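Undergrad: Here the protein sequences come in this chain order: A and B.
Those letters in the first sequence? Residues 799 to 1122, per the working numbering, in order.
Those letters in the second sequence? Residues 1335 to 1676, per the working numbering, in order.
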Amino acid sequence: MRSQLARFAVRRVLSMVFVLFAVSVLVFLIFNVLPGGDPAVRMAGKAHTETQVEAIREEWGFDEPLYVQYGTMMKKLFTGDMISYFTEVSVTEEIRKGAPRTFALAIGAAIIWMAFAIALGVYSALRAGRISDRVLTVLALIGISMPAFWLGAILSYYLGYKAGIFPNGGYVEFLVSPTEWLWHLILPWFTLSILFIGFYSRVLRSDILETMGEDYVRTARAKGLSERRVMLKHVLRNSLIPIITLWGLDFGAVLGGGAILTETVFNLQGVGQYFADAIGQLDLPPIMAVTMFGAFFIVIFNTVVDIAYAALDPRIRLEGGSKA
Amino acid sequence: MSEAGRVPTLLEVHDLEVSFNTEDGVVRAVDGVGLELKSDEVLAVVGESGSGKSVTALTMMGLTRGPNASISGTAHFEGTELIGASDEELRRVRGNRMSMIFQDPMSSLNPVYRVGAQIVEQIRAHRDVSATEARQRAVELLDAVGIPDPGIRVDAYPHELSGGMRQRAMIAMALSLDPSLLIADEPTTALDVTIQAQLIELLRKLNEERDLSIVLITHDIGVVAEIADRVAVMYAGRIVEQGTLDEVFYDPQHPYTWGLLGSLTRIDRPRPDRLPQIPGMPPSLLEPPVGCHFRPRCPHAFDRCQSVPDLNTRLPEAPAHFDRCFLSPEQKRERREVGDGT
């Protein structure tokens, strides 16, 4: 039965490799082939000279067959010799600088939003229909409705600029000062988490309520288990499966630079902010590189989620075979 | 069949009333039910859906407790009063001295745990034994209920077993602490007939070999005939007739029981053009009819039926045969024959 899970994992990892390849082909087609006009001109930007364009065309091999172009692009992506023609800076270097900031934001926020979501979701479900549950429903709705650029700006203005409790944006390396690092990240973490807390706690609440009505929960009670054990081992264990799935997917997206707004509002200089800046200037090489970077995390975490799902719910392991 | 008084009474239920507050009003699901179960006996509680038979059983297990339920009456089981018991007292009884199996074996086991682990969990909730010992016991139990390769199946997930196997696993789990009472709530309804017959056979064997008393809740008269010692017929929250299997089957006293038995298709009779049925619908338990609950559907109703008949013995020759109908025994005999002919 263990090997069933292992076989499932191997199958999923193989299909992940295929998806990653397909994504890279799509990125290549979308940026270099599908748009009309000369890709070298687009890459060089508005203020370009004929020699620059010629050099880019030469470098990327835009007059060669498509599969050679694709190969060149992949080589540039993975060997790190892709540069932005606007800033003359290595794209890989920029991503390498931004990634730890993005990871710090993502990991911290993911822990915070999951912890709060579980606590509030369980509490709401146990108090379903009472005043405290209704208050939490309203709060969750407010949390879901607040855009990060607004919430981030408000928090950083009032708690940062006005009250001076937190720094007004920016990032400090963990190795330079762990406390400063933490201090700079608290507001971004919460800004990013609020939406997820609101959403996840609602999902968990309704899953718990649904699970409590399941026949096997009645069986668990009939067995004479303590109420605590019934709730933890039978209700919560089964209702956590959907939000763990959500969690993996959202975490992958944020790791891949998806928290653009939060990173930008707090000027964290992470991958997401780098991406936003590149889009603002229509700077193609960084856009392509970050798109691949993000896609990579999303695909990987999709796979991780699928495997985790199969580990948590044994029924999935069989179905996986026909799906792939 | 045992003589009254000799065999100790295992379960005694009196005036059990269960009602639920719903958005539409108060549903009186169980309305003054009394039951008595002797040791080693199989009592079948028969009735159609919504007659309150499952609620009665769940209430004895304490599984209907909740903010919307009001429960009154008494249910004595092995020296414990179940209705007023604290949650902790009740927890110690259920799964231990008294266990229950349910209608749908497909959904009654937790899909994410192995079958053996679910049995072990129950054993360890009541006894201080090691995981290894409990697992050993689980294998024995699976063997005892007729699951082949119990040493392998103990590690199977519920979805890897067939419906019949799952119900056997449920029975194994229910037996894990050698209870004196098993409540089986429509245990065969979701299964096909051959599996149904095997399970009923298994229950009968357990009843004989393990001194296990069984309350079998069902709407399947055929199942009742195979296994029950005594029968209680429920209609709209009340017991309308109660007696030994032979008494209820061969000398039914209540018009509802006539209808129930009359609606059976029988292999030893010519096939009817139309399946016989009781006209009308069971009443809503939100607003049950005044007096006898069966009155609106009863072809024999008369003005006395506006008040509630007691559950009484009306036949001098059968002191343990109770019914809830005002008709005199002579009238019943006369009319039943007429009703039977259709």
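Each residue gets a CB set at the ideal place from its N, CA and C atoms; glycine is no exception.
Since the structure is predicted, the reported quantities are computational estimates derived from the model, not experimental observations.
(1) Determine the direct distance from the alpha carbon of Leu-832/A to that of Val-851/A, and round the result to whole angstroms.
(2) Using a cut-off of 8 angstroms between C-beta atoms, extract the partners of Pro-1024/A located in chain B.
(3) Any contact between the segment 906-918 of chain A and the segment 986-999 of chain A? By contact I mean 3 or more CB pairs, one from each, below 8 angstroms.
(4) Can you pull out the residues from the segment 1454-1480 of chain B whose beta carbon lies closer than 9 angstroms to at least one beta carbon of chain A?
(5) Does the beta-carbon distance from Leu-1645/B to Gly-1368/B come in below 9 angstroms?
(6) For a contact defined as C-beta to C-beta under 7 angstroms, what are the partners of Ala-1020/A on chain B?
(7) Flag His-1032/A as yes if its beta-carbon sits less than 9 angstroms from any beta-carbon of chain B, otherwise no.
(8) For Asn-786/A, which option in Ser-1024/A, Ala-1087/A, Leu-973/A and Gly-1011/A has the closest C-alpha, if you only look at C-alpha atoms?
(9) Asp-1005/A to Ile-1039/A, Cα distance in whole Å?
(10) Taking 9 angstroms as the threshold (beta carbon to beta carbon), is Glu-856/A in contact with chain B?
(11) Determine the chain A residues that contact Asn-1541/B at a beta-carbon separation under 7 angstroms, and present them in chain order.
(12) Kindly confirm or deny that the segment 1412-1432 of chain B and the segment 1474-1488 of chain B touch, where touching means at least three C-beta pairs closer than 8 angstroms.
(13) Please identify the residue among Leu-1345/B, Ala-1363/B, Leu-1416/B and Glu-1357/B whose C-alpha is closest to the C-alpha of Ile-1573/B.
(14) Taking the alpha-carbon positions, what's the Thr-870/A to Asp-1111/A distance?
(15) Where does Leu-1344/B sit, in a helix, a strand or coil, going by DSSP?
(16) With three or more C-beta pairs closer than 8 angstroms as the rule, is the segment 1538-1548 of chain B touching the segment 1504-1523 of chain B?
(17) Leaving out five residues on either side along the sequence, give the residues of the same chain with a beta carbon under 6 angstroms from the beta carbon of Val-1454/B.
(18) What is the residue span of the alpha helix (DSSP H) that Ala-1087/A lies within?
(19) Would the beta-carbon of Phe-1099/A fall within 9 angstroms of that of Gly-1046/A?
(20) For the segment 1411-1438 of chain B, list the alpha helix (DSSP H) runs that are entirely contained and at least 4 residues long, ordered along the chain.
(21) Quick one: what does DSSP say Asp-1563/B is sitting in, helix, strand or coil?
(22) From what residue to what residue does the alpha helix (DSSP H) around Ile-1006/A run?
(23) Between the Cα of Leu-1525/B and the Cα atoms of Arg-1502/B, Glu-1621/B and Leu-1540/B, which residue gives the shortest distance?
(24) Can you give me the start and stop residues for the beta strand (DSSP E) that Val-1446/B sits inside?
(25) For Ala-1562/B and Pro-1439/B, what's the separation of their Cα atoms in angstroms?
(26) Give, in chain order, every unbroken run of the beta strand (DSSP E) that is at least 3 residues long and sits entirely within the segment 839-885 of chain A.
(27) Give a yes or no on whether 9 angstroms exceeds the smallest Cβ distance from Asp-861/A to chain B.
(28) Tell me, please, whether the CB atom of His-1410/B is closer than 9 angstroms to any CB atom in chain A?
(29) On the criterion of 16 or more Cβ atoms from any shown chain inside 10 Å, does Gly-1577/B qualify as buried, or is it exposed?
TA: In terms of the structure at hand:
(1) Residue numbering aside, residue 851/A sits at position 53 when the first sequence is read from its first letter. Residue numbering aside, residue 832/A sits at position 34 when the first sequence is read from its first letter. Between Val-851/A and Leu-832/A, the C-alpha separation is close to 19 angstroms.
(2) Walking along the first sequence from the start, residue 1024/A turns up at place 226. Residue 1024/A is actually Ser in this sequence, not Pro. Result: Arg-1425 and Ala-1459.
(3) yes
(4) Glu-1455, Gln-1456, Ala-1459 and His-1460
(5) As a position in the second sequence, residue 1645/B is number 311, starting the count at 1. As a position in the second sequence, residue 1368/B is number 34, starting the count at 1. The answer is yes: Cβ separation under 9 angstroms.
(6) Here residue 1020/A refers to the residue found at position 222 of the first sequence. Met-1395, Leu-1397, Arg-1428, Gly-1429, Ser-1433 and Met-1434, listed in chain order.
(7) Sequence index remark: in the first sequence, residue 1032/A carries index 234 (1-based). Judged by the 9 angstroms Cβ criterion, His-1032/A is in contact with chain B.
(8) Only positions 799 to 1122 of chain A appear in the structure, and residue 786/A is not among them; the question remains open.
(9) By one-based count along the first sequence, residue 1005/A stands at place 207. By one-based count along the first sequence, residue 1039/A stands at place 241. The alpha-carbon atoms of Asp-1005/A and Ile-1039/A are separated by roughly 9 angstroms.
(10) Walking along the first sequence from the start, residue 856/A turns up at place 58. False, the Cβ-Cβ gap to chain B never drops below 9 angstroms.
(11) Here residue 1541/B corresponds to residue number 207 of the second sequence, with the count starting at 1. Those within 7 angstroms of Asn-1541/B in chain A number zero; the least Cβ separation is about 20 angstroms.
(12) Judged by Cβ distances under 8 angstroms, the segment 1412-1432 of chain B makes no contact with the segment 1474-1488 of chain B, as fewer than three pairs qualify.
(13) Here the question's residue 1573/B lines up with position 239 in the second sequence. Ranking Leu-1345/B, Ala-1363/B, Leu-1416/B and Glu-1357/B by Cα distance to Ile-1573/B puts Ala-1363/B first.
(14) If you number the first sequence from 1, residue 870/A lands on position 72. If you number the first sequence from 1, residue 1111/A lands on position 313. The straight-line gap separating the alpha-carbon atoms of Thr-870/A and Asp-1111/A is approximately 43 angstroms.
(15) Within the second sequence, the letter at position 10 stands for residue 1344/B. Residue state, collapsed to three classes: strand.
(16) yes
(17) Walking along the second sequence from the start, residue 1454/B turns up at place 120. Once the five neighbours on either side are set aside, the close Cβ partners of Val-1454/B are Ala-1468, Arg-1469 and Ala-1472.
(18) Indexing the first sequence from 1 puts residue 1087/A at position 289. Per DSSP, Ala-1087/A belongs to the alpha helix (DSSP H) from 1082-1110.
(19) To locate residue 1099/A, count along the first sequence from 1; it is residue 301. To locate residue 1046/A, count along the first sequence from 1; it is residue 248. Here Phe-1099/A is near Gly-1046/A, since their CB atoms are less than 9 angstroms apart.
(20) 1421-1427
(21) Start at 1 with the first residue of the second sequence, and residue 1563/B comes out as number 229. Coil.
(22) Numbered from 1 along the first sequence, position 208 holds the residue referred to as residue 1006/A. That run of the alpha helix (DSSP H) goes 976-1010.
(23) Counting from one through the second sequence, the residue named residue 1525/B turns up at place 191. Ranking Arg-1502/B, Glu-1621/B and Leu-1540/B by Cα distance to Leu-1525/B puts Arg-1502/B first.
(24) Here residue 1446/B is taken as the residue at index 112 of the second sequence, counted from 1. Premise fails: Val-1446/B is in no beta strand (DSSP E) and is neither H nor E.
(25) Against the second sequence, residue 1562/B aligns to sequence position 228. Against the second sequence, residue 1439/B aligns to sequence position 105. Near 22 angstroms, if we compare the C-alpha coordinates of Pro-1439/B and Ala-1562/B.
(26) none
(27) As a first step, residue 861/A must be located in the first sequence, where it is residue number 63. Asp-861/A does not count as touching chain B.
(28) The sequence position of residue 1410/B within the second sequence is 76, counting from 1. Closer than 9 angstroms: no.
(29) Residue mapping note: residue 1577/B aligns to position 243 of the second sequence, counting from 1. Burial call: buried.
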